[in-house]
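To start, the structure under review is shown below, and the notes come after it.
Given below as structure tokens:
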């Protein structure tokens, strides 16, 4: 890969300052960015590691809200969120593989917004708030299509706040090679309604299946969506599945997530 | 004789200690003084004319030593092909030049155009990005059937067409087969694709070359299954280096599966470049590069017809195959769809008439050659799929239809209608064993249990025949091989009785250092720890052909036995002298020479010492020393066979297939180390399940490789595999090699794909779905689409 | 270039690295610890698996500079102090859990990480834990058995004698 200057600040402020220069890029766990750099598809001149910032680490639950530091690894979320938000912890426990989970972070995943990543479905499906060094962004406003978010240049995801649902579950149908989600569905039931977020399937990236949300809000049971279907228009078609197959999986996985939600 | 050291013992592998402690020495672990690094600039276009290569900016970049293009190889030959197939009209195949670096045209994504040699790898990569290459794109040739139509764009302008050859076998049977199919009681037809695969040994290829000006000698360290073959091909045909000036070393090699048999351009490049730059040159493939530069496997499009009479006896098989050669002929590519495929089309059956037609086609894709099984999986897949389909069509148990048509145990040796003679086998025994292992009788109850959970259960059977240890050399020479197919061994007994065996076979995971030692130890009656196996270095071992085609124990092991027999014969002469007895009365047992009918004895070590300290020695009759070499050329192939049975469960909601169990009941003849043999079967079956369910090499309409990394090429993971249930207790020893062995390396990959697909079809049909074929890989989306078509 | 220091297999080491130097490059090229292998460039094969501060990571997907100050363990540090094979290493040999040996260092490091957290894993837990470690030789059968055995659980004998 191209060479770069490596800096590892210990505070958010230092990181933001380091990112002011041209061609500077933040890196958290690097589990996606680093392979991209190896392929020379990304070539920052300065790489700002966020792994040394203590304030961006950790999981805490207060008043029905789970707050996760942006640089918290998937492995940490999998264990520390389990008692508070098992649906989210279960999702984190199955991202990538054990080594990836020890390095990859929630902030990095949300900033990258890979259309097949798991975390975007949890953030959108929970109506989470993405906290940056500069502002707070509602998940509904944050995800803006494949690899596109509301983040400005140099803006860092410092944390995420998840309202804890009454019941939730994530169902991932794995793409057999990458083990990313060929399609993944996150379902969360709140007092004021149900949210259903789908990853891996759409060319627009993560999205909410609003018809299912309405049906499930009225009747939180797999039967409630029996009569619904998802259009194949705009779904991803590739080696591993056609648009119609992905559209079909959305319904299957949503039913399974509802059945499994606890 | 320690129980765990001889033939038949599951001796733990001695090579494991270095691998488990990080002390293996793979090619990429070798770094030479003053070494430079090569980075290949490869075509990102499938087909095009090179207009210009501008290296001027790159030349002046930091660390650049030299930039090479085809101009630097004008004196070199092309990469040779090791097998010439003759077509059904008696004409030799079309054989294009395969240059080291592209000359004028690029013919597949990955075709190397230029190479930067620099002080560091990153400097070489940086400079490579600064090379400006202007290519006029041409229409890519991708579809095999379209490629051989009149007027099709040609991959090679100097050939008459994209047809490498049109091969018929057995050509004299052609009309009789047509007639038999026309008049058959029932004909089952199946069209299928044998999916293109990437071998993907976990160690990517590496080549490091070092030229010594002082001695005008070259050393090449390379990830090869057969260093002598590389020395011969590269030295004699590409770079004109005589063998005594070229040493090729294949140290620890991290898997091959066929992809490391061939002589590759990168090996010739680093060897030549090392002389030009006067320093060692190292090239290490990335995995992404491996996908577009390692030879691929399979890629056949086939139509097979199976005819039977009113008693369900097979009367004829006719099969038409288009075999993709890719853009150039890799080393053994032409032999795979022909002699390693057509000769197996009788399978385990008494089918009297077989005709095989193969059209080999050039396309703008990565070259295709042998991958674990090589031709035999393609034969087995189509035959065992069509037999299964036939059984379903006529409403007969697939096991029963096979049994009815099997060659019977008393019919061996059996001459097939496809030119080969099976020496031994007992297909009824392996089938019965497999069905017993899978508890066939109670399968219906398991189907019901799955159904209760909303799942569709299916059972698939395949019974394979394989031909290993391809030989003899004079025959394969007539068939077009440009090499001999013997194997060699030198047994060097040291003065104190320990032994070094230099074998021409190469171990890259097969455990020869352990199992070969077991054989020699058993023959002499000493502890296996007294025997070392040396391989992988042309400066140490006699000329050998290496390891592929499940040949190592059957051919290399036989050479070692022959050399050891010579040792024992000579040692007996020495022992006779020492004991003042007649040579004919000397017996060797448990490392002791005795004189029959007496209590006289002399130990192995005393005899070996006498050979090297020949004070009391018959110098007038025999030479001192105890070292013998043998070259073994088999008189026939060996024919392993076996019953493979797969049980699956299909999720009707998603089409996802789970392999619940896999059974392999093999006949490998005699077995040297059961632990190693079973490990070979496990790995082969996993690769076969991978082919059947996960792996696929796909190019888009522009010839771009869509499955060019592990992100899209689905390698089997631990969670994809069941525990395997393998058995090798049915043994009909080979009659024509001294160990009675048949070879076990490829069986798993040959027998398993049809078993998996047959199981999926069985599950779907039992579930009421009208599906009689799904092409591999039977991925969830394909299964779901077949169920919902 | 910047200077980094870390503890590798119990020894303090330091070196000069570029920003882009990967941890695996530092281990293999600077420290000559060539037991850690590189089998892919997309962070999937796991041949490069090592432990950093006790956690299993892919050393091809971590910059050396990120490991500054860390405690790193590689396959070369896995054997017992007297040089004998560790329990996991010995189980891999006893149950034929390796063939070509190339993925093996990563497999062993993944296995020891699993057993550190889960001393008696089920077969399913073992298979799931190996999601990021690809073996092309063994079909995983004997790797799974070796890990079961290393955890002190009964497994069938390796092969019929």
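Residue numbers (the working numbering), protein chains in the order written: chain G, 64 to 325; chain X, 63 to 851; chain S, 88 to 248. Beta carbons are placed, not taken as given, at the ideal position from N, Cα and C, and that holds for glycine. Predicted, not measured: the structure shown is a model, and the values here were computed from it.
What are the residues in the segment 67-83 of chain G lying within 8 Å of chain S by C-beta distance? 67, 68, 69, 71
Pairwise C-alpha distance: residue 435 of chain X and residue 701 of chain X: In the second chain, the residue the question calls residue 701 of chain X occupies position 639. In the second chain, the residue the question calls residue 435 of chain X occupies position 373. Spanning the two alpha carbons is a distance of roughly 13 Å.
If I measure Cβ to Cβ from residue 64 of chain X and keep anything under 7 Å in the same chain, skipping five residues before and after, which residues do I get? As a first step, residue 64 of chain X must be located in the second chain, where it is residue number 2. In this prediction, residue 64 of chain X scores a pLDDT of 40, lower than 50, which makes its location untrustworthy; no coordinate-derived value is stated.
On the DSSP bridge list, what partners appear for residue 145 of chain X? On the second chain, residue 145 of chain X is found 83 positions in, with the first residue counted as 1. Answer by DSSP bridge pairing, in chain order: X:543.
Alpha-carbon to alpha-carbon, residue 267 of chain G and residue 193 of chain S: If you number the third chain from 1, residue 193 of chain S lands on position 106. If you number the first chain from 1, residue 267 of chain G lands on position 204. Whole-angstrom Cα-Cα distance: 37 Å.
Output yes or no for whether 8 Å exceeds the beta carbon distance between residue 451 of chain X and residue 252 of chain X. One-based indexing of the second chain puts residue 451 of chain X at position 389. One-based indexing of the second chain puts residue 252 of chain X at position 190. Yes. Within cutoff.
Residues bridged to residue 689 of chain X (per DSSP): As a first step, residue 689 of chain X must be located in the second chain, where it is residue number 627. DSSP output for residue 689 of chain X lists X:554 as bridge partner(s).
Please report the distance separating the alpha-carbon of residue 248 of chain S from that of residue 730 of chain X. Walking along the third chain from the start, residue 248 of chain S turns up at place 161. Walking along the second chain from the start, residue 730 of chain X turns up at place 668. Any answer about residue 248 of chain S is weak, because its pLDDT of 38 lies below 50 and its placement is not dependable; what the coordinates show is given next. Whole-angstrom Cα-Cα distance: 15 Å.
Taking only runs of the alpha helix (DSSP H) that begin and end inside the segment 224-301 of chain X, which ones reach a length of at least 4 residues, in chain order? 236-244, 289-294
Report the partner residues of residue 367 of chain X according to the DSSP bridge assignment. Taking the first residue of the second chain as 1, we reach residue 367 of chain X at position 305. Answer is X:251, X:380, bridged to residue 367 of chain X.
So, is the C-beta of residue 315 of chain X closer than 8 Å to a C-beta in chain S? Numbered from 1 along the second chain, position 253 holds the residue referred to as residue 315 of chain X. It does; some Cβ of chain S falls within 8 Å.
What are the residues of the segment 481-503 of chain X that lie near chain G, defined by any Cβ-Cβ distance shorter than 8 Å? none
Please compile the residues from chain S whose C-beta is within a distance smaller than 7 Å of the C-beta of residue 348 of chain X. The count along the second chain starts at 1 and reaches residue 348 of chain X at position 286. What residue 348 of chain X touches in chain S: 128.
Which residue marks the beginning of the beta strand (DSSP E) containing residue 705 of chain X, and which one marks its end? Locating residue 705 of chain X in the second chain gives position 643, counting from the first residue. Note, residue 705 of chain X: beta strand (DSSP E), 703-712.
Per DSSP, the bridge partner or partners of residue 6 of chain G: Since the displayed chain G opens at 64 and closes at 325, residue 6 of chain G lies outside it and no answer follows.
Which whole-angstrom value describes the C-beta separation of residue 353 of chain X and residue 142 of chain X, a residue pair presumed to lie in contact below a C-beta threshold of 8 Å? Locating residue 353 of chain X in the second chain gives position 291, where the first residue counts as 1. Locating residue 142 of chain X in the second chain gives position 80, where the first residue counts as 1. The Cβ separation is near 24 Å, so there is no contact.
Following the continuous beta strand (DSSP E) through residue 180 of chain X, name the residue where it begins and the one where it ends. Numbered from 1 along the second chain, position 118 holds the residue referred to as residue 180 of chain X. From DSSP, the beta strand (DSSP E) with residue 180 of chain X extends over 174-180.
For chain X, find out if any of its Cβ atoms is closer than 8 Å to the Cβ of residue 356 of chain G; answer yes or no. The question about residue 356 of chain G has no answer here: the residues shown for chain G are numbered 64 through 325.
Please give me, in chain order, every unbroken run of the alpha helix (DSSP H) with length at least 4 that falls completely inside the segment 168-213 of chain G. 169-175, 182-189, 202-205
Less than 8 Å between the CB atoms is what I'm expecting for residue 403 of chain X and residue 447 of chain X, so what's the real figure, rounded? As a working mapping, residue 403 of chain X is identified with position 341 in the second chain. As a working mapping, residue 447 of chain X is identified with position 385 in the second chain. No, residue 403 of chain X and residue 447 of chain X are not in contact; Cβ-Cβ is about 15 Å, not under 8 Å.
Enumerated in chain order, which unbroken segments of the beta strand (DSSP E) with a length of 3 residues or greater are wholly contained in the segment 798-830 of chain X? none
Quick check on residue 846 of chain X - is its C-beta less than 8 Å from some C-beta in chain G? Stepping through the second chain from its first residue, residue 846 of chain X is reached at position 784. Yes - at least one Cβ of chain G is within 8 Å of the one on residue 846 of chain X.
Evaluate the contact criterion for the segment 797-807 of chain X versus the segment 722-739 of chain X: three or more CB pairs, one atom per stretch, below 8 Å. yes
Nearest residue (CA-CA) to residue 104 of chain G, options G:96, G:150, G:204: As a position in the first chain, residue 104 of chain G is number 41, starting the count at 1. Of the candidates G:96, G:150, G:204, the one whose C-alpha sits nearest the C-alpha of residue 104 of chain G is G:96.
Given residue 242 of chain G as reference, the closest of S:197, S:108, S:132 once Cα atoms are compared: For this step, residue 242 of chain G is matched to residue 179 along the first chain. The shortest Cα separation from residue 242 of chain G among S:197, S:108, S:132 belongs to S:132.
Using a 10 Å radius around the Cβ and a threshold of 16 neighbouring Cβ atoms, would you call residue 122 of chain S buried or exposed? Reading the third chain from its first residue, position 35 is the one you call residue 122 of chain S. The residue in question, residue 122 of chain S, is buried, as its Cβ has 16 or more Cβ neighbours within 10 Å.
Give me the chain S residues within the contact set of residue 64 of chain G, using Cβ-Cβ distance strictly less than 7 Å, ordered along the chain. Locating residue 64 of chain G in the first chain gives position 1, where the first residue counts as 1. 107, listed in chain order.
So residue 234 of chain G is in the beta strand (DSSP E); what residue range does that whole segment cover? Locating residue 234 of chain G in the first chain gives position 171, counting from the first residue. 230-237 is the span of the beta strand (DSSP E), which, as asked, contains residue 234 of chain G.
Helix, strand or coil, according to DSSP, for residue 99 of chain X in the structure here? One-based indexing of the second chain puts residue 99 of chain X at position 37. Three-state DSSP puts residue 99 of chain X in a strand.
Leaving out five residues on either side along the sequence, give the residues of the same chain with a beta carbon under 7 Å from the beta carbon of residue 317 of chain X. Here residue 317 of chain X refers to the residue found at position 255 when the second chain is read from its first residue. Once the five neighbours on either side are set aside, the close Cβ partners of residue 317 of chain X are 263, 264, 265, 570, 571.
Find the residues of chain X that neighbour residue 114 of chain S, judging by a C-beta separation of less than 9 Å, and give them in chain order. Here residue 114 of chain S is taken as the residue at index 27 of the third chain, counted from 1. Within chain X, no residue comes near residue 114 of chain S; the closest Cβ sits about 10 Å away, beyond 9 Å.
Those residues which DSSP pairs with residue 649 of chain X across a bridge: Residue 649 of chain X sits at position 587 when you count from the first residue of the second chain. Per DSSP, X:656.
What residues of chain S sit near residue 112 of chain G, judged by a beta carbon separation below 9 Å? Within the first chain, residue 112 of chain G is the residue found at index 49, counting from 1. Going along chain S in sequence order, the residues near residue 112 of chain G (Cβ under 9 Å) are 150, 152, 153.
Listing by chain order, which chain G residues have their CB less than 8 Å from the CB of residue 775 of chain X? Within the second chain, residue 775 of chain X is the residue found at index 713, counting from 1. Chain G residues near residue 775 of chain X: 240.
So is residue 79 of chain G buried or exposed if we call it buried at 16+ other beta carbons inside 10 Å? By 1-based counting over the first chain, the position of residue 79 of chain G is 16. Classification of residue 79 of chain G: buried, given that the 10 Å Cβ count is 16 or more.
Going by C-alpha to C-alpha distance, which of X:597, X:720, X:187 sits closest to residue 609 of chain X? Counting from 1 along the second chain, the entry for residue 609 of chain X is found at position 547. For the residues X:597, X:720, X:187, the minimum Cα distance to residue 609 of chain X belongs to X:597.
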